[in-house]
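What follows is one structure encoded as C-alpha cells, with my remarks underneath.
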Amino acid sequence: MTDLREARERALRVLPLPYSLALRLRDAGVAPDVVSEYLSIDESALDGFYRMAEQKLAAALPANGPEHLEPDTG
Numbered sequence: 262m263t264d265l266r267e268a269r270e271r272a273l274r275v276l277p278l279p280y281s282l283a284l285r286l287r288d289a290g291v292a293p294d295v296v297s298e299y300l301s302i303d304e305s306a307l308d309g310f311y312r313m314a315e316q317k318l319a320a321a322l323p324a325n326g327p328e329h330l331e332p333d334t335g
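Start counting at 1 in the sequence shown, then tack on 261, and there's your number in this note's numbering.
Right under this line is the structure:
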C-alpha cells in the first residue's frame, strides 16, 4: 500500500500545478467552491477539470515503478 501511495505522490509532483492542486484539495475535502476560487475556474467546470487531472495522473503513474516518472509539460 505504501508503494502505491508513494507512486501516486510522485505522480502528483510531476503534474502541472493546477491539476495537482485540484486533486490534492479535493482529496483533502476542500469544498468545491473554494477549490474553484483558488484555481480561478468556474465551479461548473470543476468536474471536467478533475477528470482531466485524473487522466493526467493516470498517465503519470509508471507502469514499471515510480522511478520512471517524467514531468508533464502540459
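Think of the CB as a built atom: it goes at the ideal place given N, C-alpha and C, for glycine as much as any other residue. Given the structure is predicted, the values throughout are model-derived calculations rather than measurements.
State yes or no: is the C-beta of residue i within less than 8 angstroms of the C-beta of residue j?
i: S297; j: D288; result: no
i: L322; j: R266; result: no
Exposed or buried, which one is residue i when buried takes at least 16 other CB atoms within 10 Å?
i: L284; result: buried
i: Y280; result: buried
i: A292; result: exposed
i: A314; result: buried
Considering just the uninterrupted stretch of the alpha helix (DSSP H) at residue i, what are its terminal residues?
i: A272; result: 263 to 275
i: V296; result: 293 to 300
i: P279; result: 278 to 288
With a cut-off of 8 angstroms on the beta carbons, I'd call residue i and residue j a contact; round off their distance for me.
i: L286; j: Y299; result: 7 angstroms
Quick check: the stretch 314 to 324 against the stretch 269 to 287, are there 3 or more CB pairs under 8 angstroms? yes
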